[in-house]
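As numbered in our numbering, residues 29 to 308 make up the sequence shown, in order.
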Amino acid sequence: MAGRLVQLSGGRALGVSGFGDALAQRAVVMCHPAPGGGGFDPDPTVSTHWGARIVGIDRPGYGASDAWRAGERPSFATHADDIAHYLSQIESSTSRISAMEIGPFGVVGWGLGGYAALALASRHPHLVDRVALVDVPDPGRFARQSAPQPPFRVADIGIAPAEPAFESTAAGRRIRRMLDAAATQGAAGVQGDYVAAADDDWQRRLRDIRADVLLVYGDQHPTVDAHLDGRRLRRRLPRARVVRVEAGTGLSITTHWPSILNHVAPRHGGVSPTLRDGAP
């Protein structure tokens, strides 16, 4: 669950989680998949020692974030504006307390969270300088999918239940906890996401993105593809490139977390081979 609640001017609350290095100057925003939650850390060992603070935010209806209210239209653009408001508060308070500037920000979007990441980068280009999109579906192809219902399964986010790496690592347990948290309010979050994905408001300013965008796709992902999804998205973005993860599955977000962080938070730290291998 989220570590804190942030009250928005309109009255809704956002659940916010923080991990990584809380004292770091560089900050990265995590946009979770659908279903999902902002408290998921792809690899705590890497995140803790990278030299970046990482902020995960529950979208409306997930975890600790209030659901969209009656009469409100679920929207990735609106959610991006909410994130931007929160990030501006971080910038202001950090500068006031420590005279340290932390912006602009890196952003990671996993799965449908990529739409939120792109909305943030396009609507607030001054706040975002680097974006990594991991296994993000092309909107045209995604429109043919239907929203899953709780209890959520790992297959709902593109991970095969029999995936060996999933069952044998702590990442699997973290993902299951994320899916459990995603169902705290039932299907409110995922239903809102699927309604928001059907609206093109988040796509209208993609050409305004100034950030360097990296699109990452696992070769063996069951629902998205570097050619069908990645190349279509790349053509709509001013500065983007597609990277294929050889033999990569729906777990690329965890298995390639160092490479992803290296894009959104370059030159801000790293993990030594000794620490990575768990040696004393």
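Beta carbons: idealized from backbone N, C-alpha and C, even for Gly. Predicted, not measured: the structure shown is a model, and the values here were computed from it.
Asked	Found
Using only alpha-carbon positions, find the residue among V159, A105 and G131 that is nearest to R267.	V159
Classify V244 as helix, strand or coil using the three-state DSSP reduction.	strand
Can you name the residues that DSSP bridges to S45?	G84
Compute the Euclidean distance between the alpha carbons of S150 and D240, then round it to the nearest angstrom.	12 Å
Excluding the five sequence neighbours on either side, which residues of its own chain have a C-beta within less than 8 Å of the C-beta of H249, listed in chain order?	D163, G186, G276, T277, G278 and S280
Going by DSSP, what residues sit across from Q35 in a beta bridge?	A41
Give the straight-line distance between the Cα atoms of P72 and G200, rounded to the nearest whole angstrom.	13 Å
So, using beta-carbon positions, are G15 and S45 closer together than 8 Å?	Not covered by the structure: residue 15. The range shown for the chain is 29 to 308.
Is it a yes or a no for the segment 95-111 touching the segment 168-186, going by three-plus beta-carbon pairs under 8 Å?	no
Taking the alpha helix (DSSP H) that V57 belongs to, which residues open and close that run?	Per DSSP, V57 belongs to no alpha helix (DSSP H); it is in the beta strand (DSSP E), A55 to C59.
For a quick check, are the C-beta atoms of S93 and A41 less than 8 Å apart?	yes
Would you mind working out which of Q231, P61 and N290 sits nearest L242, comparing C-alpha positions?	N290
Here's the rule: buried if 16 or more other CB atoms are within 10 angstroms of the residue's CB, otherwise exposed. What is H296?	buried
Is the separation between the beta-carbon of G139 and that of P61 shorter than 8 Å?	yes
D110 to G258, Cα distance in whole Å?	27 Å
What separation, rounded to the nearest whole angstrom, lies between the Cα atoms of V244 and W230?	20 Å
Consult DSSP for L161 and reduce its assignment to one of helix, strand or coil.	strand
Quick one: which unbroken alpha helix (DSSP H) runs of 4-plus residues sit fully inside the segment 176-211? Chain order, please.	192-196 and 198-210
Smallest Cα separation from A95: which of L33, D253, Q213 and Y114?	Q213
Could you give the residue range of the beta strand (DSSP E) that holds W138?	F133 to W138
Beta-carbon separation of D236 and P63 under 8 Å?	no
What separation, rounded to the nearest whole angstrom, lies between the Cα atoms of A171 and G48?	34 Å
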